[in-house]
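Worksheet for the structure shown next.
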Amino acid sequence: MVKVSGDDPIYLSVPANFDFDQCLRFLDRNPHEILHRVENGRWIKLIELAKTPVIIQVSKVSEHLCVKALNTELDQEQRITLVSFLEEVFDLNSDLTAFYQKMRGDPIMGDLCEEYQGLRLLGIPDLFEALCWCIIGQQINLNFAYKLKQRLVQATGDKLHYMGRDYFMFPRAEVVANMSVKEFSHWQFSAAKASYLIGVAEQIQAGALTKSGLLGKSVGHIEQTLMGLKGIGTWSAQYVMMKCLRIGAAFPVHDVGLQNAIKVITDSPKKPSLAQLHQLNRKWHPWQAYATFYLWHSLIK
DNA sequence: ATCCAGGTTCGGG
DNA sequence: CCCGAACATGGA
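Residue numbering for the first sequence follows my numbering, beginning at 19 and increasing consecutively.
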């Protein structure tokens, strides 16, 4: 074992079927994204490791991901936590072979899988953030959703100023739990969105809702628990299962992005019917979440 | 102006 | 159980 110092980069070997640039393309799809940025083929983000704010920078160097902490040195524990964080975000431990096998020749997914081969389902490991992002994005266009998130995060998230730039983290649940609907209103959040966010924050803060608690349950139970939250319906429950809990068979059938992508790819004059979508749900099992993500990717301009 | 956005809740048949 | 309306706002 070679002794390494705390500021040496971490090198992660990437799995087969991994395309960092495709991942970056998704991560960089909106200019108002406040929780990370993509620059010169690098992914840069502020995260907390053992109570310390750390700016991480991830790039691809031959067959490895090169991970650096920009503002501090990391101890062994922090490095381990960081690696599992990246494994979660980039879904490094999934083998996509079966996915590509299943989709080969599929009229909707066949070409997409070739074009985007190696794209990973980019995750949102934090349950609170995933739930909030659902609520923020409901029934409004994505660009506006990113703006709303930006205002919330800039006003309430933990911040680090480093080398002339500001880096933000998603607000802690206890901060959001103690906010009022009125505060949200001057960031143009509807009263409904604001109260849903506060309610979810209260549940998380109280410890009544945890990621590990959910992961120990059956898929049906998880779905029911999530939908029991005010503001979380079928779409949001599936979204959280996809992006946070990494349940492969999650499938937000009502998602307009999903439906529009299918409409475009099949060159159809109208969106697919619910019956068609349920058929795809069965056909693509247990890779519905990945299929959905690839379809979303196809919508990036 | 009108319609659609990565929906959800609520009240009524 | 299913259906329409209301919710707020921005962009095409």
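Ideal Cβ positions, reconstructed from N, Cα and C, are used throughout, including at glycine.
Does residue i come out as helix, strand or coil in the three-state DSSP assignment?
i, result
"histidine 82", "strand"
"isoleucine 153", "helix"
"isoleucine 28", "strand"
"serine 316", "coil"
"aspartate 124", "coil"
"phenylalanine 36", "coil"
"aspartate 129", "helix"
"alanine 224", "coil"
"histidine 303", "coil"
"asparagine 373", "Nothing can be reported for residue 373, as the shown portion of the chain is limited to 19 through 319."
Using the C-alpha atoms, what's the distance from residue j back to residue i?
i, j, result
"lysine 48", "arginine 55", "Going by the sequence as given, residue 48 is asparagine instead of lysine. If you take the alpha carbons of asparagine 48 and arginine 55, they lie about 10 Å apart."
"leucine 160", "arginine 264", "22 Å"
"aspartate 25", "leucine 92", "7 Å"
"alanine 224", "proline 125", "47 Å"
"leucine 373", "leucine 227", "Coverage of the chain is limited to positions 19 through 319, which leaves residue 373 absent and any answer about it impossible."
"methionine 197", "glutamate 220", "10 Å"
"leucine 233", "threonine 99", "19 Å"
Rounded to the nearest angstrom, how far is the Cβ of residue i from that of residue j, given a contact under 8 Å?
i, j, result
"cysteine 131", "valine 218", "So it is not a contact: roughly 35 Å between Cβ atoms."
"asparagine 89", "tyrosine 180", "5 Å"
"tyrosine 214", "isoleucine 153", "5 Å"
"lysine 229", "leucine 145", "4 Å"
"glutamate 106", "proline 143", "4 Å"
"arginine 60", "glutamine 40", "Actually they do not touch by this definition, with Cβ atoms about 15 Å apart."
"leucine 110", "proline 27", "Going by Cβ atoms, the distance from leucine 110 to proline 27 rounds to 17 Å, so no, they are not a contact pair."
Checklist line | Contact the stretch 179 to 199 vs the stretch 287 to 297: 3+ CB pairs below 8 Å | finding: no
Note to self: Ignoring anything shorter than 3 residues, give me the beta strand (DSSP E) runs that lie fully in the stretch 171 to 218, in order along the chain.
What the structure shows: 177 to 180, 183 to 186
Item checked: alpha helix (DSSP H) runs contained entirely in the stretch 233 to 291, provided each spans 4 or more residues -> 237 to 245, 252 to 261, 274 to 283
Item checked: Completely contained beta strand (DSSP E) runs for the stretch 46 to 120, where each covers 3 or more residues -> 55 to 57, 60 to 67, 70 to 79, 82 to 87
Notebook entry, point to check: Any chance the stretch 228 to 244 sits against the stretch 274 to 289, with 3 or more Cβ pairs inside 8 Å?
Noted result: no
Check: Do the stretch 200 to 217 and the stretch 162 to 176 touch if we need at least three Cβ pairs shorter than 8 Å?
Finding: yes
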